[in-house]
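*Asks:* Structure provided below as structure tokens; questions to follow.
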């Protein structure tokens with residue numbers, strides 16, 4: 052799959068889930084996409100297991116117009132990410148523009164805060180099931196769910212199907 056010319060943001064904050072950042076990062080690069088690691092308010096972040104990552108940019112310096120898709124990894128980072136109005140607005144605008152949004156594990160918390168789940172079907176880590184439902188989603192327990200431009204998964208074990216679905220969505224025709 053050739054994603055040359057495609058630009059994707061991966062949102063990071065401290066306590067991100069290691070595999071849910073690095074697996075998408077390298078799969079996207081392998082497919083030819085340009086990937087930017089996007090943080091909130093600093094340059095360096097530490098994962099749940101202590102692995103560092105350096106952001107290419109902070110969210111306040113970017114526009115959704117610059118991207119074709121976004122990955123929202125899990126861990127505890129999404130609870131920090133959703134505290135930044137610029138992150139919430141970025142995801143909300145990406146959704147309004149029909150761009151591909153992929154959230155895994157606790158990443159669904161950012162979707163809840165961006166108010167993009169009403170009337171949609173989604174999955175996520177079982178601990179945020181009630182949050183997804185209360186945000187208007189129809190929750191299902193599956194490894195991956197694609198509802199239009201939204202792609203959601205539950206946990207690191209789901210990364211192969213999560214990324215296969217995300218890559219197909221990025222390569223496919225415009226959604227919605």
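Residue numbers (our numbering): 52 to 227. Here a beta-carbon is modelled for each residue, glycine too, at the ideal position from N, C-alpha and C.
1) Going by the CB atoms, is the gap between residue 122 and residue 220 shorter than 8 Å?
2) So, helix, strand or coil for residue 67, using DSSP?
3) If the criterion is Cβ atoms closer than 8 Å, does the pair residue 172 and residue 195 meet it?
4) Where do the ends of the alpha helix (DSSP H) carrying residue 211 lie?
5) Check whether the Cβ atoms of residue 131 and residue 71 lie closer than 8 Å to each other.
6) Considering only their Cβ atoms, is the gap separating residue 174 from residue 161 smaller than 8 Å?
7) Compute the Euclidean distance between the alpha carbons of residue 60 and residue 201, then round it to the nearest angstrom.
*Replies:* In this structure, then:
1) no
2) strand
3) no
4) 210-222
5) no
6) no
7) 15 Å
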